[in-house]
Structures are given as C-alpha cells and as structure tokens.
Amino acid sequence: MTSKNLPRTILIDTDTASDDAVALIMALQSPLVSVAAITVVAGNVSVEQATRNALYTAELCGSSVPIYTGAAQPLVRELQTADWFHGVDGLGDHAYAPAIRRPEPEHAVDAIIQTVMQNPGIEVITLGPLTNVALALAREPRIAANISRCVVMGGAPCCEGNVTPAAEFNIWVDPEAARTVFLSALPIEMIGWQLCRHQAALNAQDIATILALKTPRAEFAVRCNSRAAEAYHIQTGEHGISLPDPIAMAILLHPELSTSSTMHFVEIETASELTRGMTVVDRLGVVADLRNRNTWHEVQTRGRKTKVCWSLDIPGWKAALLDALR
Ligand code: BDR
Ligand code: CA
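Numbered according to our numbering, the sequence shown terminates at residue 332, and the numbering increases by one at each position without gaps.
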C-alpha cells in the first residue's frame, strides 16, 4: 500500500460546541484521516465545558482519541464566550449525559508540540480561537515546519463579521493569538465565516434527509444545533443550520471542495476596538506599495501568504456531511 492510500494524520484544536461537535464526528468517522489528538481551547464555552463536549462527541463515535484540555483564557484578554449562540453547555442545553472518559493529564499545548514533532507532515485544523496554537508556536517554533497544512476556521475576508461588523468570533476572541499564528511560518488555509451562509446552511430538506438516517450521530448533529439555528436566524434573518466548523473539516478532508482560493498576505487587527479581530486581506496585492510599507512590514518580512478560500462546492460539502452521519 502506498502512503497515498494510508489515512492522513491530523490534529484538531477546538472550542467544542455544537458545530465543532459535528466537525469532530466528520473527522472521527472518516477513513481518509487518523485523528492523533484533539486539543481543546476556551472560546464558545469554558475550556472545561468544551472538553466535556469533545469527550461526549468522541464517545458517541466510539473513538478513544486522546483529548487534552488547553488554554482557559485568551493570551491577554478576558474570555468572551458564545453561550448566547450555542447554549450554556455549548450543545443546545439538552442535558447530555457526562462522558465516562476523562481528558489526558498533559496540557493541550504540550500535546500539540509533541504530536506535531512526532508526526512530520501532519495536518492541523483549528475550529476555535488560536490561543493553544499561538502558545505552542511560541514555545516550539519548529512545529511550523512539520505541519503540511493548517486549516483555520476563522475570519471574515469579505468583512462581514458575526460578532462585530468587522470580525468573526474565533479571531475576535483572541486577536493577539490569531496575529501570532498568521505571522508564523504555518501554511494557513483560511476558511472564513462567509462560506457557511445562504445555500451552504442546512435547509429543511437537508435536515429531513439527515434525520431520516436515524443514526444517533445524525440525531445528535441536528439536536445539539437547535439553539444555534435559532441564534443564526436572529443574527442573519436566514433559516437553517449554519455549520462553519464542519465546512472547514469538509475542506480539510476533501480539498477539492474549496472551488476557488487565492494566496494573500493577511493582517489581524489587535489595536482598534472598532475593528478588533478583523482579518485584513491584501486581495489586490498592494501592500508592497510605498504607502503601506510601514504598516505591513512585519507581515511581509516574517509571515507567509495565506490561502484564502472564496467559494465552496455546496452539494459536495452536504454529501460529505451526510456520509459522516450514516
Ligand atoms: C466560529 O465561532 C464559533 O461560534 C463556531 O464554533 C465557529 O468555530 C464561527 O464564527
Ligand atoms: Ca468552534
């Protein structure tokens, strides 16, 4: 068997709430990847609650993947959770039974460093604020060279944020961490929030098709997103279940689902409150111009270009999701 046929090794960093949980199911059910570790970070809910949710989801999949608890706070700011979106427990408040398994004793940041150093070429996907990854890079910058892809669910390259007009939640919660990661040598693929809207959200027919599978995973995927569906309607006026993290996971699993992407320098706003966490994309390639040299100096000299995904194969993404929930 050639390495082409072997499952690819991945690491998932997550602030496990309702859409993260569906993304975890997609990875844990996929024959294309082997999940070496799940590392948990504070974001949607506290890191303790997110860890409980990751453990619950892994058990639902019959998986014994190691799960590590990580940063409880952003690098320099107070944690702002999204319980208003995902429910107080992050899973729509349906009183799911606690998992039997406990998290591993090591810290998530140590687990990231160790797992990446032991698995050259590993693919990493981040589904939450970038605190754990920033801390891992600060402690062991050599991890960047061992990571072949770093798929980041985060950002709003079209500048339509979901927490502020300018910013998407994962980047907004810990912009300093996001900036560290975007300024690093990691090969980032940015899956922005705009990709999970409109036709990409699950409509009534999609939901009926999923529920008709009658599997515990299908039922859980819909039910744990009940609060998120209501919040999404209030936020955007759109009906349906919008699933940013599973879309990022679908692209990690099947890169061809990203139907157009381009390479750009990306800066993260950390100073202004108005645009905190904004992902500023140099779409026209003007940062080398004299007028931008000072502001963009660090990115140009230290960072590398980010692959920004602009469009998605929507039927392909929905088929990938359905497959995982069978
Ligand atoms: C992102 O923020 C969280 O609420 C979701 O889990 C997703 O990772 C979308 O902005
Ligand atoms: Ca998430």
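Each residue gets a CB set at the ideal place from its N, CA and C atoms; glycine is no exception.
Measure from the alpha carbon of residue i to the alpha carbon of each residue in the options, then state which is nearest.
i: residue 199; options: 160, 187 and 101; result: 160
i: residue 96; options: 120, 52 and 86; result: 52
i: residue 84; options: 179, 18 and 251; result: 179
i: residue 332; options: 139, 304, 222 and 125; result: 222
i: residue 130; options: 290, 264 and 257; result: 257
i: residue 288; options: 138, 57 and 164; result: 164
i: residue 310; options: 188, 20 and 175; result: 188
i: residue 89; options: 260, 153 and 237; result: 237
i: residue 136; options: 19, 329 and 266; result: 19
i: residue 213; options: 181, 248, 201 and 91; result: 248
i: residue 283; options: 260, 55, 28 and 166; result: 166
i: residue 12; options: 38, 267 and 92; result: 38
i: residue 204; options: 123, 250, 92 and 183; result: 250
i: residue 143; options: 22, 50, 117 and 174; result: 117
For a test of the three-state rule: what should DSSP assign to residue i, helix, strand or coil?
i: residue 239; result: helix
i: residue 92; result: helix
i: residue 58; result: helix
i: residue 119; result: helix
i: residue 37; result: coil
i: residue 164; result: coil
i: residue 270; result: strand
i: residue 7; result: Residue placement at residue 7 cannot be trusted, given a pLDDT of 37 that sits under 50; what the coordinates show is reported in the next sentence. Coil, per DSSP.
i: residue 318; result: strand
i: residue 14; result: strand
i: residue 325; result: helix
i: residue 307; result: helix
i: residue 206; result: helix
i: residue 196; result: strand
i: residue 52; result: coil
i: residue 21; result: coil
i: residue 275; result: coil
i: residue 177; result: helix
i: residue 153; result: strand
i: residue 101; result: coil
i: residue 70; result: coil
i: residue 159; result: strand
i: residue 264; result: strand
i: residue 142; result: helix
i: residue 228; result: helix
State yes or no: is the C-beta of residue i nearer than 6 Å to some heavy atom of ligand 1?
i: residue 227; result: no
i: residue 25; result: yes
i: residue 99; result: no
i: residue 199; result: yes
i: residue 176; result: yes
i: residue 159; result: yes
i: residue 50; result: yes
i: residue 168; result: yes
Answer yes or no: the CB of residue i versus the heavy atoms of ligand 2, is any distance below 6 Å?
i: residue 89; result: no
i: residue 134; result: yes
i: residue 180; result: no
i: residue 336; result: No answer is possible for residue 336: the residues shown for the chain start at 7 and end at 332.
i: residue 95; result: no
i: residue 251; result: yes
Among residues of its own chain, excluding the 5 on either side of residue i, which ones have a beta-carbon nearer than 7 Å to its beta-carbon?
i: residue 206; result: 253, 318, 320 and 323
i: residue 232; result: 98
i: residue 197; result: 157, 158, 159, 253, 254, 257 and 315
i: residue 8; result: The pLDDT assigned to residue 8 is 40, lower than 50, so where the model puts this residue is not dependable, and the model offers no usable value.
i: residue 185; result: 274 and 276
i: residue 57; result: 46, 73, 75 and 109
i: residue 330; result: 31, 32, 35 and 36
Given residue i, which residues of its chain have a CB within under 8 Å of its CB, disregarding the five upstream and five downstream residues?
i: residue 64; result: 30, 34, 44, 70, 71, 73, 105 and 107
i: residue 151; result: 191
i: residue 286; result: 272, 273, 274 and 275
i: residue 66; result: 31, 222, 223 and 226
i: residue 145; result: 115 and 119
i: residue 80; result: 48, 135, 137, 179, 180, 182 and 183
Within a Cβ cutoff of 6 Å, which residues of the same chain sit near residue i, ignoring the five residues on either side of it in sequence?
i: residue 194; result: 156, 158 and 312
i: residue 15; result: 40, 42, 125 and 128
i: residue 264; result: 257 and 315
i: residue 209; result: 246
i: residue 102; result: 62
i: residue 259; result: 36 and 38
| task | Give a yes or no on contact between the segment 33-46 and the segment 67-74, applying the rule of three or more CB pairs nearer than 8 Å. | result | yes
| query | Can you find at least 3 beta carbon pairs, one from the segment 279-289 and one from the segment 237-255, that sit closer than 8 Å? | reply | no
| request: Assess, as a yes-or-no matter, whether the segment 299-309 is touched by the segment 261-273 under the definition of 3 or more beta carbon pairs within less than 8 Å. | output: yes
| said: Whether or not the segment 112-123 and the segment 74-94 are in contact is what I'm after, with contact meaning three or more pairs of Cβ atoms, one per stretch, closer than 8 Å; do they touch? | reply: yes
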